[in-house]
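Reading the sequence shown from the start, the letters are residues -24 to -1, 1 to 420 in mature numbering (1 follows the signal peptide of the UniProt record, and there is no 0). Note that the Cβ used here is the ideal one computed from N, Cα and C, for glycine as well. Taking it in order: structure first as structure tokens, then the write-up.
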Amino acid sequence: MTSPLLRAAGLGLGTLACAGTAGATGYELREQSAVGQGAAFAGAAARNDDPSMMFFNPAAMSGLRGIQGALVASGIFPNGEAVSGSATRNAALGGSPIRGGLGGDIALDAFVPASYATIELAPDWRFGLAVGSPWGLVTKSPADSIARYHALTSSLKTVNITPAVSWQVLPNLSLGAGLQIQYATARLSTGVDFGAIGAAQRIPGFLPGARDGRSTVTGDDTSVGWQLGAQWEPLKGTRLGLAFRSAVWHELSGDATFQGVPFPLSLSPGFANTGGKAKLVTPETLTLGASHRLDDRWTLLGGLEWTNWSRFPDLVVTFDNGRPPSVTEEKWRDTVFVSIGTEYHWSQDLTLRAGFAYDQTPVRDAYRTPRIPDNDRYWLSVGASYQIMPKVTLSAAYTHIFASDTSVTLRDPGPNNTNLFRGNLNATYQASVDIVTAQLSFAF
């Protein structure tokens, strides 16, 4: 039977993939284009009028002449806080309350940049390069939060470099392909109730909640994936786009460390710092976009995206020193993102946009944790583009994301389970997100 010390050594070392309250559900970041965001990314896979559209569909480059580029900067301002909650220890440890605060706003603001460049190699061929961060963000709870034994800091950051080509096969059909080179780095920390662990070992002077410490896991990796896309114009003014972004599989390698381990627990090999590994997948997406130009001023846009979040059923962290693996069940489900929008050409220089989207969460109610207290979301977006000089366009977008209150209900099943020293947690979270994005597009 695995000892309580070794079980405790695995506490909090799972869920490396959980990145927090991002601009989209899960740990996806769609904020890669102000032009697309202004219409809630409706029709993004069908657009071919801006370099940033290559993120959503590499075939979009076929509509770009000469040399073009775009610089994008997004400010993401999430708010996620527990408005009520309580926590208790397992009955085997006395069932006492876990004292502390609710934690305040756990979602940290973030800056997400992206850049794009395309070049016309021949009348039917384009080459492009995109650099962005399509996955990530951070949540952070204070050390005295009642949820501290389940989550303190959760961080995932990515950098994705995508060289891509497009080919105009027919006057109304273009194809595209890209290679994803993705770097991922993650950091996760959790409070450890060393007082409860010592009390379970019947060590004199140890009481639950009296000697808190911290466990931290860090890791990084570089891996590759791919991207395919097509755009078809069946009728003049009507364009359909279909794009597929592959999953990228990472094996994050790094360190597992403990802080604040009191004597004599510090003598246990279960709390010795060691190396560790965890597999992380950024899931594949399938995106369908449609654009229909009603007249010289109005364009209707629509989009549908499927994300294969079920690739994240659990997370297993293995350790170099032979410590038992830490296994965290997630059981995420596949999701859809549905969006509608419109674009209005006010004048030759000014274009206005608006959009609405439904963003389904991958998190099941029974497995929701304070690392990602996620729920279905609703997007309201507005945006505009203005040509400030010939071949230079400034775009901006604002989005407010609404979400219903979410409940976190975690049960400590008792001995022989890694949750033994985490305790029971009941909390209700409120969340919303504001996103402001600016973009400068240029052509030569």
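- In terms of Cα proximity to Asp310, the closest of Asn284, Asn33, Val88, Pro99 is Asn284.
- Within the same chain, Ala223, Trp225, Arg287 come within 6 Å of Val257 by CB-CB distance, once the 5 residues on both sides are set aside.
- Ser371 is the residue among Ser371, Phe220, Leu328, Ser117 whose C-alpha sits nearest the C-alpha of Pro27.
- Between the segment 46 to 57 and the segment 97 to 105 there are fewer than three C-beta pairs closer than 8 Å, too few to call the two in contact.
- Residues of the same chain with a CB within less than 8 Å of the CB of Leu149, apart from the 5 flanking positions on each side, are Ala206, Gln207, Trp208, Glu209 in chain order.
- For the 8 Å CB-CB criterion, Ile122 and Ala63 form a contact.
- Between Ala140 and Leu69 a beta carbon distance of about 55 Å is seen, past the 8 Å cut, so the two are scored as non-contacting.
- Membership of Gln158 in the beta strand (DSSP E) is indicated by the continuous run 149 to 169.
- Closest in C-alpha terms to Ser38, from the list Ala16, Gln8, Ile173, Glu96, comes Glu96.
- Taking the C-beta atoms as reference points, Asp296 is found no nearer than 8 Å to Thr263.
- Across the set Ser72, Ser9, Asp381, the C-alpha of Ser72 shows the shortest separation from the C-alpha of Asp388.
- Ala172 is classed as buried because its beta carbon has at least 16 other beta carbons within 10 Å across all chains shown.
- A straight-line Cα-Cα distance of about 15 Å links Leu270 and Arg23.
- Distance from the Cα of Arg215 is smallest, within the candidate group Leu276, Gly252, Ala419, for Leu276.
- Counting only runs of 3+ residues, the beta strand (DSSP E) found wholly inside the segment 299 to 335 occupies 302 to 305, 311 to 321, 326 to 335, in chain order.
- A straight line joining the alpha-carbon of Ile82 with that of Gly2 spans about 15 Å.
- The beta strand (DSSP E) runs of length 3 or more contained entirely in the segment 9 to 61 do not exist; there are none.
- Here Gly251 carries a strand assignment [DSSP, helix/strand/coil].
- In this structure, the beta-carbon distance from Trp274 to Thr318 falls below 8 Å.
- DSSP places Ala86 in the uninterrupted beta strand (DSSP E) bounded by 86 to 98.
- Residue state for Arg273 is assigned as coil, using DSSP reduced to three classes.
- Note that the C-beta distance between Ala15 and Ala254 is not below 8 Å.
- When the beta-carbon positions are compared, Gln13 and Ala403 stay at least 8 Å from each other.
- For Asp231, the closest of Trp202, Val293, Ala93, Pro34 by C-alpha to C-alpha distance is Val293.
- Where Ile377 is concerned, the enclosing beta strand (DSSP E) starts and stops at 368 to 379.
- Measuring C-alpha to C-alpha distances from Asn66 to each of Leu416, Gly399, Val88 identifies Gly399 as the nearest.
- DSSP places Tyr3 outside both helix and strand once states are collapsed to three, so it counts as coil.
- Straight across, the Cα-Cα distance linking Arg344 with Ala21 is about 31 Å.
- Residue pairing by DSSP places Leu113 opposite Leu132 in a beta bridge.
- Contact between Gly108 and Ala127 is ruled out by a C-beta separation of about 27 Å, above the 8 Å threshold.
- Nearest Cα to Leu164 within the set Arg75, Ala342, Leu291, Ala35: Leu291.
- When rounded, the separation of the alpha-carbon atoms in Val168 and Arg190 is 5 Å.
- Counted as a single uninterrupted DSSP element, the stretch harbouring His126 is not any beta strand (DSSP E), since DSSP gives it neither H nor E.
- Ile82 is not bridged by DSSP to any residue.
- According to the DSSP assignment, Val339 belongs to no beta strand (DSSP E), since it is labelled neither H nor E.
- Of the other Cβ atoms in all chains shown, fewer than 16 fall within 10 Å of the Cβ of Trp322; this residue is therefore exposed.
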